[in-house]
Each structure stands twice: as structure tokens, then as C-alpha cells.
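Residue numbers (this note's numbering), protein chains in the order written: chain Y, 1 to 114; chain S, 1001 to 1109.
Think of the CB as a built atom: it goes at the ideal place given N, C-alpha and C, for glycine as much as any other residue.
Everything numeric in this text was worked out from a predicted model, so none of it was measured.
The next block holds one structure in the form of C-alpha cells; read it before the comments.
In C-alpha cells:
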């Protein structure tokens, strides 16, 4: 099992450029989410999905779009990159429902916007 | 609204000393609490779940509903414990996790 796979690992963008961060999981998890990690701020939820075709906003959704066409994939799109989006992005997945399931995280994408 | 507070940004202890990483939460329902650990520049890993009442790598955490706390403890710190530790709460519908701001644990020789 690969778990949660994120690509790319590193990316530098110019202000105004767009890009897609990829996230794929092979554990048949219903729930997937994107977080950004910034120093002193912990992890903040950007968007999440409870299943294919269903997405919702988290705490900091502005400037980001998501879609969930399959159970496995949950890409995060930056529409017009801004320096404030410089961060480390983590994708995570888990089973849904009761059971106190923890998350499985990807290895992260370190994004710099210049 | 749910909130997780980790009051210490950095905790420095000597090897062999006891460790306590503090976590307080605010949530109106029945909380599900977790501790995650992130070693240098690696992915976050699940360390503990309160419902399991387990001990992982010598760490334990007890949910105290009266004090709304879920502190992480270890009796004797090891050098390999140096990492960033995040407390997290699941609630508010679905599987959304709310994270604290994290505590960097540094174990000195």
C-alpha cells in the first residue's frame, strides 16, 4: 500500500500562476482533506470531501478549489497564486463514520510563491 | 465552535526527565481527541487516540472532561522524542479534525 501520495514535493510559482497539487490514496477512504501548515499556526483546514462528488469548505478556503471525481483522488487547485499561499500543504484521508479513526497524511508539498 | 489550545510553542527537557505536553479543548459535544507527531520535515503520524487508552512509544494521554484537557505524558524523555506534537479534536460533523498550533519538543542530552 502506498497510503497517501502527494505530488509534487516542492514547487515554486510566480504570483498569478495557477497550479494543481495532486493527492491520491489507495486505502478506499471516504474522507479526504487538505491542510496548510504555517509556523505558529498549526494546521488549518482548506477543503474536505466526505465522498466522491461531495466537497465542502474548511477554515481557509479562499484562493483554492477542489473536486472529487473518484474515491482515490482529491486535487487542490490554486487559481491565481499569491505570496500568502506560501506554505506546506498536506493531504489526509480516513474512513468515515464512527470508530475514532485517525488520519493518514501525505508527505506534503512545499510551495513557494514569489 | 471547537478549539484546541496548546499553550507551549517550545518545550525543552533533558534526556530522562518527565515530559508533559499540554492540550486543552473547547467543544460542546462528546470529543474525540488525538495526538499526532511530526518528526523533522516528515509527514504527520498518528501517535495516540483517546478512545484506545493505549501507550505508544512510552507516551500516554488521558482525557479529562472536567478540565477539558488531553495532556500527553511520558515518564522519561528520549532523544528520539524530539519532534513537533499536535493535539487534534474531531467533531462538528463529518471527520473534520481541528488542530492545535503544535508544541516543539526538544530533548537535550
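Alpha-carbon spacing of residue i relative to residue j, whole angstroms
i, j, result
"residue 1091/S", "residue 1097/S", "7 angstroms"
"residue 103/Y", "residue 1060/S", "19 angstroms"
"residue 1107/S", "residue 16/Y", "42 angstroms"
"residue 20/Y", "residue 43/Y", "20 angstroms"
"residue 111/Y", "residue 83/Y", "10 angstroms"
"residue 55/Y", "residue 71/Y", "12 angstroms"
"residue 1030/S", "residue 1052/S", "15 angstroms"
"residue 61/Y", "residue 87/Y", "14 angstroms"
"residue 1017/S", "residue 1070/S", "20 angstroms"
"residue 59/Y", "residue 76/Y", "15 angstroms"
"residue 38/Y", "residue 1102/S", "11 angstroms"
Near the ligand NAP: residue i beta-carbon under 7 angstroms from a heavy atom
i, result
"residue 1048/S", "The ligand NAP is not part of this structure, which contains no ligands at all."
With 16 other Cβ atoms within 10 Å as the buried cut-off, status of residue i
i, result
"residue 1041/S", "exposed"
"residue 46/Y", "buried"
"residue 36/Y", "buried"
"residue 41/Y", "exposed"
"residue 1055/S", "exposed"
"residue 105/Y", "buried"
"residue 7/Y", "exposed"
"residue 12/Y", "exposed"
"residue 966/S", "Past the boundaries of the shown model lies residue 966/S; chain S is included only from 1001 to 1109, so the question cannot be answered."
"residue 1062/S", "exposed"
Closer than 8 angstroms to chain Y by CB, residue i
i, result
"residue 1046/S", "yes"
"residue 1025/S", "no"
"residue 1009/S", "yes"
Any chain S beta carbon closer than 8 angstroms to residue i
i, result
"residue 27/Y", "no"
"residue 69/Y", "no"
"residue 89/Y", "no"
*What residue ranges within the region 4-90 of chain Y form continuous beta strand (DSSP E) runs of no fewer than 3 residues, ordered along the chain?*
4-7, 10-13, 19-25, 31-38, 42-51, 54-57, 64-66, 76-78
*Just by C-beta distance, which residues in the region 43-66 of chain Y are closer than 9 angstroms to chain S?*
43, 44, 45, 48, 50, 56, 58, 59
*Kindly provide the ranges of any beta strand (DSSP E) runs that are 3 or more residues long and lie completely inside the region 1049-1094 of chain S, ordered along the chain.*
1072-1074, 1083-1090
*Scan the region 1013-1038 of chain S for residues whose Cβ lies nearer than 7 angstroms to a Cβ of chain Y and list them as they occur along the chain.*
1032, 1034
*Could you name the residues of the region 1080-1104 of chain S whose beta carbon sits closer than 7 angstroms to any beta carbon of chain Y, in the order they occur along the chain?*
For the region 1080-1104 of chain S, residues whose beta-carbon sits nearer than 7 angstroms to a beta-carbon of chain Y comprise 1086, 1094, 1095, 1096, 1097, 1099, 1100, 1101, 1102.
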